[in-house]
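Numbering (my numbering), first residue to last: 222 to 382.
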């Protein structure tokens, strides 16, 4: 690449990231080290804009950078002739994770709404009330059950030796 390509600032602007993101992605191995101009400027191939957009989109979908790196590696293997269902499998796993988070957040939302409706204003007073919608009693009961299981040597609760 003799003088052609995007300089760091141009690439960052085109992809909507900052310069530190470019350097970080290089250190993580998500971006290959770019060619250098005769003056020492980094020169990235134009398709790096697309790669950066893919990385940022995957992050917005909930994938970690490690997962993005795995997805990119799986894609490279697929393009080299080896069939790989990496994206399908990982997308399904991520969807299940997101759906579980949505379910958890729904429970939290509903519990908070109930606490607001019940007029809960003092955690200590609320915790000792039978009509409190917050799950203090349920959490205490779970902890008590767990302690009983551990004290009685319940094989299901005992850590492996």
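Beta carbons: idealized from backbone N, C-alpha and C, even for Gly.
Segments assigned alpha helix (DSSP H), at least 4 residues, entirely inside the stretch 235-314:
Secondary structure in the stretch 235-314: the alpha helix (DSSP H) runs of 4 residues or longer, each lying completely within the stretch, are 240-249, 269-281, 286-300 in chain order.
Residue 283 to residue 291, Cα distance in whole Å?
Translated into the one-based positions of the chain shown, residue 283 becomes position 62. Translated into the one-based positions of the chain shown, residue 291 becomes position 70. One alpha carbon belongs to residue 283, the other to residue 291, and they sit about 14 Å apart.
Grab the span of the alpha helix (DSSP H) containing residue 347 for me, first residue to last.
For this step, residue 347 is matched to residue 126 along the chain shown. The continuous alpha helix (DSSP H) containing residue 347 extends over residues 344-348.
With DSSP as the reference, please indicate the residues paired to residue 227 in a beta bridge.
Numbered from its first residue, the chain shown carries residue 227 at position 6. Residue pairing by DSSP puts residue 227 in a beta bridge opposite 265.
Rank 334, 286, 277, 295 by C-alpha distance to the C-alpha of residue 387 and give the top, closest one.
Residue coverage of the chain in this structure runs from 222 to 382, which leaves residue 387 outside it and unanswerable.
Might you give, ordered along the chain, the residues of its own chain that have their beta carbon closer than 6 Å to the beta carbon of residue 241, omitting 5 neighbours on each side?
The sequence position of residue 241 within the chain shown is 20, counting from 1. No residues qualify anywhere along the chain.
Going by the CB atoms, is the gap between residue 229 and residue 252 shorter than 8 Å?
The count along the chain shown starts at 1 and reaches residue 252 at position 31. The count along the chain shown starts at 1 and reaches residue 229 at position 8. The Cβ-Cβ distance between residue 252 and residue 229 does not fall below 8 Å.
Take residue 280 and list the residues in its own chain whose beta-carbon comes closer than 8 Å to its own, dropping the five residues that flank it on each side.
The residue you call residue 280 lines up with position 59 of the chain shown. The residues are 286, 289.
Quick check on residue 328: buried or exposed, where buried means 16 or more other Cβ atoms within 10 Å of its Cβ?
Taking the chain shown and counting its residues from 1, the one referred to as residue 328 is at position 107. Of the other Cβ atoms in all chains shown, fewer than 16 fall within 10 Å of the Cβ of residue 328; this residue is therefore exposed.
Near residue 318, which residues of its chain fall below 8 Å by C-beta distance, leaving aside the five closest residues on each side in sequence?
For this step, residue 318 is matched to residue 97 along the chain shown. The residues 283, in chain order, have a CB closer than 8 Å to that of residue 318 in the same chain once the five nearest residues on each side in sequence are set aside.
C-beta contact flag for residue 273 and residue 236 at 8 Å:
To locate residue 273, count along the chain shown from 1; it is residue 52. To locate residue 236, count along the chain shown from 1; it is residue 15. Cβ distance < 8 Å, so residue 273 and residue 236 count as in contact.
So, at 6 Å on beta carbons, what are the nonlocal neighbours of residue 265 in its own chain, with the 5 sequence-adjacent residues on each side left out?
Along the chain shown, read from residue 1 onward, the residue named residue 265 stands at position 44. Taken in chain order, the residues that qualify are 226, 227, 232, 255.
When the Cα atoms are used, what is the spatial distance from residue 350 to residue 340?
In the chain shown, residue 350 corresponds to position 129, counting from 1. In the chain shown, residue 340 corresponds to position 119, counting from 1. Cα-Cα distance, rounded: 12 Å.
Where does residue 222 sit, in a helix, a strand or coil, going by DSSP?
Within the chain shown, numbered from 1, the residue matching residue 222 stands at position 1. For residue 222, the predicted model reports a pLDDT of 43, less than 50, meaning its position is unreliable; a value from the coordinates is still stated below. Looking at residue 222 - three-state DSSP - the assignment turns out to be coil, as it is neither helix nor strand.
Does residue 355 come out as helix, strand or coil in the three-state DSSP assignment?
Walking along the chain shown from the start, residue 355 turns up at place 134. In the structure shown, residue 355 sits in coil (DSSP, three-state: anything other than H, G, I, E or B).
Can you round the beta-carbon distance between residue 336 and residue 354 to whole angstroms, since I take them to be within the 8 Å contact cut?
By one-based count along the chain shown, residue 336 stands at place 115. By one-based count along the chain shown, residue 354 stands at place 133. With a Cβ gap of about 5 Å, residue 336 and residue 354 count as contacting.
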